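>
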Amino acid sequence: MKIGIVCYPTFGGSGVVATELGMALADNGHEVHFITYNQPVRLDFLSHHLHFHQVVIEEYPLFQYQPYELALSTKMVEVVQKYELEVLHVHYAIPHAYAAFMAKQMLKEKGIAVRVVTTLHGTDITLVGSHPTYKTAVEFSINNSDVVTAVSNNLKDTTNNLFNIDKEIQVIYNFIDVEKYAKVEGEECKRGALAKTHERILTHISNFRPVKRVEDVIKVFYKVQKEIPSKLLMIGEGPDRKKAEALTKKLGIKNKVFFLGNSTEIDKILCYSDVFLLPSKTESFGLAALEAMAAKTAVISTNTGGLPEVNLNGTTGFLSNLGDVDDMAKNAIHILKDNDVLESFKHNAREHTKRFSLANILPVYEDIYKSCYKSKIE
Ligand code: GMT
């Protein structure tokens, strides 16, 4: 099929899911067209199955804010027409679902039918989408999508609670290429560069926004390192990075915490992690936790949002109440202090990710596109 994918091209989870999905669809023989303002960070190659169309904004002095939605919907119309796309799959409702609705209407005027699939990812519904500034437009664009999917049951329920939704939301879990993470083992995994053999490695990956509570990550590690020789790797960039760095200084653990910035080689970093810390205020799914689990890493997280659907308490890691850094540290120490306990959590974590394998999830999206297309020609 010919599918357009619209997403944020950054390191955020929705962009990662959209990019991995697009690449997998192209591998399966579909023609995929990414439409966004930059080449997605994980899109490392283009081919005759995989295209990228940049949305360029012309700056004009009258505008305090540049009208991205207009440029995006114009580009969608152009690409759908030129390449005869059948479906537009937009990731993250704001402003993508709204722009897709506009594109669909403009195409309809020209006698062209395209179907719109919207995938809700999290803050497009929770922190941002339900804010009065956007709520009406988000509700309208969800209700006017042909198919709406959410990445967890929790996000589906939250959407139905916060908005007046008149259509069924399908839950399609985020997915992972389990094999890719399993491959980086042994020699390829350069653990020795960061820690001594007897030291444990804890990791946190995010975009360091307030919702990720990176100071809680540091607080948990501070308690853990008192009992267990260990190092902490902080991967990502974002507004709270400075605060987190300042806290490591204040607590006297600066030499045990490494801030590594953004990375496109998450699999190579996760391969030597023992425990992944995710103390988020809310998390519709927690793709970063799933990636860690695929790399055989136990997860210590909060019990907010969709995290209990990904991290199984007492099996793949532990869940704690928001802000309960004592409980998180206690759980991490329990996992890390005994080799056999650690090995069993790591094993369970990897096993559980099989449920979220690309091989299981990809056909679900393909079926949705097919049924959309069918309803177009009927
Ligand atoms: O909030 C982020 O970390 C980025 C955001 C995004 O949409 O780019 O992530 C959301 O979507 C991810 C992919 O579906 C989920 O794994 C994250 O849990 C979700 N983030 C939140 O709900 C805070």
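Be aware that the sequence shown starts at 254, since it is given in our numbering, and climbs by one per residue.
No residue lacks a Cβ here, since even glycine has one placed at the ideal position from N, Cα and C.
Predicted model, so just to flag it, every value in this text is computed and none were measured.
1) Identify the continuous beta strand (DSSP E) that holds Leu565 and give its terminal residues.
2) Which ranges would you report for the beta strand (DSSP E) in the segment 393-452 if only whole runs of at least 3 residues count?
3) Quick one: give me the first and last residue of the alpha helix (DSSP H) that Ala551 is part of.
4) Indicate whether Asp493 and Pro463 have their beta-carbon atoms separated by less than 9 Å.
5) Excluding five sequence neighbours on each side, which residues of the same chain lie with their C-beta closer than 7 Å to the C-beta of Glu631?
6) Who does Ser573 pair with in a DSSP beta bridge?
7) Buried or exposed for Lys465, please, with buried defined as at least 16 other CB atoms from any protein chain shown within 10 angstroms of its CB.
8) Beta carbon of Arg295: closer than 8 Å to some heavy atom of the ligand FAD?
9) Helix, strand or coil for Glu631 per DSSP?
10) Are the CB atoms of Ile481 and Arg444 within a distance shorter than 9 Å?
11) Please classify Phe511: does DSSP put it in a helix, a strand, or coil?
12) Taking all protein chains shown into account, do 16 or more other C-beta atoms lie within 10 angstroms of the C-beta of Asn427, making it buried, or fewer, making it exposed?
13) Assign Gln478 to buried or exposed, taking buried as 16 or more other Cβ atoms, counted over all protein chains shown, within 10 Å of its Cβ.
14) Quick one: give me the first and last residue of the alpha helix (DSSP H) that Met329 is part of.
15) Is DSSP giving Phe529 helix, strand or coil here?
16) Quickly, what does DSSP pair Phe609 with across the bridge? List them, please.
17) When we look at the beta-carbon of Val309 and count the other beta-carbons within 10 Å, is it buried (16 or more) or exposed?
18) So that I know if they touch, is there some Cβ in chain D lying closer than 9 Å to that of Pro616?
19) Using a Cβ-based criterion (distance less than 8 Å to any ligand heavy atom), does Val464 qualify as near the ligand GMT?
20) Give the straight-line distance between the Cα atoms of Lys484 and Asp527, rounded to the nearest whole angstrom.
21) Among Met546, Phe298, Phe474, which has the Cα closest to the Cα of Val431?
Quick answer:
1) Per DSSP, Leu565 belongs to no beta strand (DSSP E) and is neither H nor E.
2) Whole beta strand (DSSP E) segments, 3+ residues: 400-403, 422-424.
3) Here Ala551 belongs to no alpha helix (DSSP H); instead the beta strand (DSSP E) covers 551-555.
4) A contact, by the Cβ cut-off of 9 Å.
5) Confidence is the limiting factor: at Glu631 the pLDDT is only 49, short of 50, which leaves the residue's position unreliable, though a coordinate-based value still follows. Result list for Glu631: empty, nothing under 7 Å.
6) According to DSSP, which records beta bridges pairwise, Ser573 is partnered with Thr555.
7) Residue environment analysis places Lys465 among the buried positions, since at least 16 neighbouring C-beta atoms fall within 10 angstroms of its C-beta.
8) Because the ligand FAD does not appear in the structure shown, any question about it cannot be addressed here, the ligands present being the ligand GMT.
9) Note that Glu631 scores a pLDDT of 49, beneath 50, so its modelled location is shaky and nothing firm can be said.
10) Note that the C-beta distance between Arg444 and Ile481 is not below 9 Å.
11) Note: Phe511 maps to strand in three-state DSSP.
12) Label assigned to Asn427: buried.
13) The residue in question, Gln478, is buried, as its Cβ has 16 or more Cβ neighbours within 10 Å.
14) Where Met329 is concerned, the enclosing alpha helix (DSSP H) stretches over 321-336.
15) Strand at Phe529.
16) Per DSSP, Phe609 has no beta bridge partner at all.
17) Exposed, by the Cβ-count rule.
18) In the structure shown, chain D cannot be found, because there is only a single protein chain.
19) Yes, Cβ of Val464 sits closer than 8 Å to a heavy atom of the ligand GMT.
20) One Cα belongs to Lys484, the other to Asp527, and the distance between them is close to 10 Å.
21) For Val431, the nearest C-alpha among the options comes from Met546.
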